[in-house]
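Novice: Mind having a look at this structure? Questions to follow.
Numbering (our numbering), first residue to last: 872 to 1157.
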């Protein structure tokens, strides 16, 4: 088969389960991984022959895609913040909006040499990408999942960065009582999708990504934010900044909660889809 023929097979199959734009994006991503050809070369060399072993791998991946398995889990990695991050079903797939949050905090700290803690670190994508750009920073990632931390530690090793990881439940009393130092940056991407919003989500998210990293109850949708803001009040340095990803439907409530915990200079930003997605805040100085 030629690259054009296998492209058509993949794209036409995916169009039945995805919108056309997503089908094209996933098709290019899949072919690039297995053939080594980027989007430009796929277009320039449509008649290039693809060997049978590669075709078999692509078709096997296509069968998994038809079952709504995420392409990132099938391939086992994703690009984030200029590095490659390994992912599996023990961690969330890093989102473009999370990458926007990462670029926001790195842009504001171009020559950072202080302490940063990444709460709910998951795959370690923010912590590791930050350490890669700021090798003199002291970086700590926190997560309650040992399986997620195993992935994060391997990602740090593969990217040759010095990041410490610790297992803690940020909702627990034990976590609040640990004697942590103060941090110049506290960032986080905690669970924030309400259970009632699950019905509007794609099956590849609901069926494959770790639910404990995604969902909160409708009764306590800001439970993680309450814990983070309370903890940050004690552990954010006087001139430090808090960066947090949020539920776009709870932006007002999240900002009000920040104010209740004596944070100021609260800035809300929208993502590329024009959804209220991230907040920066500072502490009110005593």
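Backbone N, C-alpha and C fix where the C-beta goes; we use that ideal spot for every residue, glycine too.
Return the residue from the list 1054, 1016, 973 that minimises the CA-CA distance to residue 1037.
Specialist: The shortest C-alpha separation from residue 1037 is found at 1016.
Novice: I need the straight-line Cα distance from residue 1063 to residue 1047, nearest angstrom please.
Specialist: Cα-Cα distance, rounded: 20 angstroms.
Novice: Considering only residues of the region 945 to 986, which uninterrupted beta strand (DSSP E) runs meet the minimum length of 3 residues and lie entirely inside it, listed in chain order?
Specialist: Listed in chain order, the complete beta strand (DSSP E) runs (minimum 3 residues) inside the region 945 to 986 are 948 to 951, 954 to 957.
Novice: What are the partner residues of residue 1086, as DSSP defines its beta bridges?
Specialist: According to DSSP, which records beta bridges pairwise, residue 1086 is partnered with 1064.
Novice: Where residue 915 and residue 924 are concerned, what is the direct C-alpha to C-alpha distance, given to the nearest angstrom?
Specialist: C-alpha separation (whole angstroms): 22 angstroms.
Novice: Entirely within the region 1114 to 1141 and at least 4 residues each: give me those alpha helix (DSSP H) ranges in chain order.
Specialist: Complete alpha helix (DSSP H) runs here, min 4: 1122 to 1131.
Novice: Check whether the Cβ atoms of residue 983 and residue 969 lie closer than 9 angstroms to each other.
Specialist: No; because the gap between Cβ atoms is not below 9 angstroms, this pair is not in contact.
Novice: Just curious, the alpha helix (DSSP H) that residue 991 is in, first and last residue?
Specialist: No alpha helix (DSSP H) holds residue 991; DSSP gives it neither H nor E.
Novice: Look at residue 1189 and residue 1027 and say whether their C-beta atoms are less than 9 angstroms apart.
Specialist: Here the chain covers residues 872 to 1157 and nothing more, so residue 1189 does not appear.
Novice: Could you tell me the boundaries of the beta strand (DSSP E) in which residue 875 lies?
Specialist: Careful: residue 875 lies outside any beta strand (DSSP E), inside the alpha helix (DSSP H) at 874 to 885.
Novice: Which residues mark the beginning and the end of the alpha helix (DSSP H) in which residue 916 is found?
Specialist: That residue, residue 916, is in no alpha helix (DSSP H); it is neither H nor E in DSSP.
Novice: Have a look at residue 886 and residue 894 and give me their C-alpha separation to the nearest angstrom.
Specialist: Taking the straight line joining both Cα atoms gives about 6 angstroms.
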